[in-house]
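Okay, so here's the structure we're looking at.
There are 2 protein chains.
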Amino acid sequence: MNESLSKAQRALIHYGKLGDPENEAIYQQIFATIVDHSLPPGTKLKEETLCEIFGVGRTRIRKILFQLANDNIVTLVPNRGAYVAYPSVAEAREVFTARRLVECHLVRVVAAEQQERARPLLEEHVQRERQARQAGDMGAAIRLCGEFHLLMAELADSPILGEFLRELISRTSLIVAIYERPPVHNCEMDEHASLIEAIAAGQAEQAALLMEEHLRGIESRLDLRPPRSQEVDIRKVLSKA
Amino acid sequence: MNESLSKAQRALIHYGKLGDPENEAIYQQIFATIVDHSLPPGTKLKEETLCEIFGVGRTRIRKILFQLANDNIVTLVPNRGAYVAYPSVAEAREVFTARRLVECHLVRVVAAEQQERARPLLEEHVQRERQARQAGDMGAAIRLCGEFHLLMAELADSPILGEFLRELISRTSLIVAIYERPPVHNCEMDEHASLIEAIAAGQAEQAALLMEEHLRGIESRLDLRPPRSQEVDIRKVLSKA
DNA sequence: TCAATTATTTTTGTATACAAAATTGAAGCG
DNA sequence: CGCTTCAATTTTGTATACAAAAATAATTGA
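Protein sequences, first through last, are from chains A and B. The working numbering applies: residue 1 is where the first sequence begins, and numbers increase by one. The working numbering applies: residue 1001 is where the second sequence begins, and numbers increase by one.
Have a look at this one:
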């Protein structure tokens, strides 16, 4: 067989991007730890340390860090190493803009085409999140809250937008970790509940509106004013003395 | 300094994702060759061969292939190697859906907020594309046509949506290579021209509409009927004899 | 004492050697 | 002649050794 395009190729055997299941597991573990705020933004991720933790060589850790960088939750600085990403205010704003665009679209599709399938799936999920929150497991709660939004892509049968949304949601976690104002309940549960109602009723526009408000609500509970700590003109500050 | 978050980190030194400029150049070269249809979908990309071509070790080629896989224009099959991606019909459809969503949004923003800045930039670009086409350099024409669409993200100052769009556009190139019907002029030049008019006039809704039609036009000139070569039920076909 | 410079250590980047898996080609059997 | 089985070859996956760069510590001279 001299043919360049093999059947296996067309069949699209999707193993996750890292090929090996063990690599995938390590990736997921680091990913989860970043997203649930256990590793705060800016944390240095030294290769050697990760090697020891997971008992693998540097090659594999390197591949995983590169993947995380592609997810935009890790920043790779040449010759300096990997850090948990620290999104800027501008990035934060655009993440929310993009989320509104994508999620309003998805929720509209789901409400229009998948009302019946949606309700049980979504309600079961909200239920699980409620339980995690009551049990005090905030890590799981954050993860489940993100997954709720990802379910829209699943229901709309939109893997490409889903993958993009997955990125946006994990970046949102970092943004919240950096810019949250003291008393923040990330995703209000009752907002999810009323969203489910609109979807199940097939009210696409109403659902889109609720999603829009929901996301604006999250954004508005952050402190995204431009002039943050850095950005100070040393000259002006010091010339007062 | 024991601090985990360094100043260099915050400053976000964006070197391209591959760190080294030489790696970036190799990446760009392979990327361009795939997108301009020199390497057709399904082509096997053997590591050793690429090493010889570019005179570098396998480690670096590997990183570059991994990056291309993240762009979704290369598929990595575990233990089998890298292939130029071969998007399915379903993927093709979703790429166009996502493009309509993103590009209509961007063009609306540009028409509403950047009318004055937009016209000269866009017209100069269309001009260059026209020249390439007349010179018969179809590779450059394809590239420039894609860049025209990317300019919207630039003008709208939306790097995140821009990066996503960059992916979608390069995937479109593969899709066109696979599913085009005989006489296809990829992006109609005059459609771009009327789009520029609407933008420069600040007619956001009109511009969005034109973009929508433009993208639907491209999609409609493809042959995206579901039952393609594979997908045949062997039993049914053979039981007739 | 403090700043600048140099030496040392640490950490990342790349090539390469070796192991594992897949492909190819050759026998062997029906 | 076609099909399976097994060996030989090719190709990918990973660890590791070494080079390059950055961070840290020590030294020197005002």
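Glycine included, each C-beta is placed from N, C-alpha and C at the ideal position.
Interface residue (Cβ-Cβ distance to chain A less than 9 Å): His1037 of chain B is not classified as such.
For Glu103 of chain A, the number of other beta carbons within 10 angstroms of its own is at least 16, and it is reported as buried. Proximity of Val110 of chain A to chain B, defined by a Cβ-Cβ separation below 9 Å, is not satisfied. CA-CA distance, Arg1108 of chain B to Ala1200 of chain B, rounds to 11 Å. Per DSSP, the beta-bridge partners of Glu1180 of chain B are B:Leu1222. Under the Cβ criterion (8 Å, minimum of three pairs), the stretch 169-186 of chain A counts as touching the stretch 67-78 of chain A.
Judged by their CB atoms, Ile169 of chain A and Gly139 of chain A are not nearer to each other than the 9 Å cut-off. Nearest in C-alpha terms to Leu210 of chain A, of all of A:Lys17, A:Asp223, A:Arg225 and A:Cys187, is A:Cys187.
In this structure, the straight-line span from the alpha carbon of Leu1018 of chain B to that of Glu124 of chain A is close to 42 Å. Taking 4 residues as the minimum length, the alpha helix (DSSP H) runs contained wholly in the stretch 1033-1103 of chain B are 1047-1054 and 1058-1070, in order along the chain.
If you draw a 10 Å sphere on the C-beta of Ala82 of chain A, you find 16 or more other C-beta atoms in it, and that means buried. For the 9 Å CB-CB criterion, Phe66 of chain A and Gln1028 of chain B do not form a contact.
Using a Cβ-Cβ distance cut-off of 8 Å, the stretch 30-47 of chain A and the stretch 78-95 of chain A are in contact, since at least three pairs of beta carbons, one from each stretch, lie closer than that value.
In the displayed model, Glu1129 of chain B falls within a helix according to three-state DSSP. The contact set of Leu151 of chain A on chain B, defined by CB atoms closer than 7 Å, is empty, because the minimum CB distance reaches about 17 Å. The distance from the Cβ of Val1035 of chain B to that of Ile1142 of chain B is about 7 Å, consistent with a contact at the 8 Å cut-off. Remark: C-beta atoms of Arg93 of chain A and Leu224 of chain A approach each other more closely than 9 Å. If you draw a straight line from the Cα of Ala1098 of chain B to the Cα of Pro1226 of chain B, it is about 19 Å long. In the three-state scheme derived from DSSP, where H, G and I count as helix and E and B as strand, Glu205 of chain A is classed as helix. A straight-line Cα-Cα distance of about 13 Å links Ala118 of chain A and Ala207 of chain A. Taking 9 Å as the upper bound on Cβ-Cβ separation, chain A lies near residues Pro1040, Pro1041, Gly1042, Thr1043, Lys1044, Thr1059, Arg1062 and Lys1063 of the stretch 1031-1065 of chain B.
At a beta-carbon threshold of 8 Å, the residues of chain B lying near His105 of chain A are Leu1101, ordered along the chain.
Annotation: Cys51 of chain A to Phe31 of chain A spans about 16 Å, alpha carbon to alpha carbon. Interface criterion not met: the Cβ of Thr1172 of chain B is under 9 Å from no Cβ in chain A. A direct Cα-Cα distance of roughly 34 Å separates Pro87 of chain A from Ala1198 of chain B. For Asp190 of chain A, the enclosing alpha helix (DSSP H) begins and ends at Met189 to Ala200. Think of a sphere of 7 Å around the beta carbon of Phe1164 of chain B: the chain A residues whose beta carbon falls inside it are Phe164, in chain order. Secondary structure of Ala135 of chain A (DSSP, three-state): coil. One finds Lys1017, Gln1067 and Asn1070 in chain B with Cβ atoms closer than 8 Å to the Cβ of Asn70 of chain A, taken in chain order. Excluding its 5 nearest sequence neighbours in each direction, Ser1158 of chain B has C-beta neighbours in its own chain below 7 Å: Leu1106, listed in chain order.
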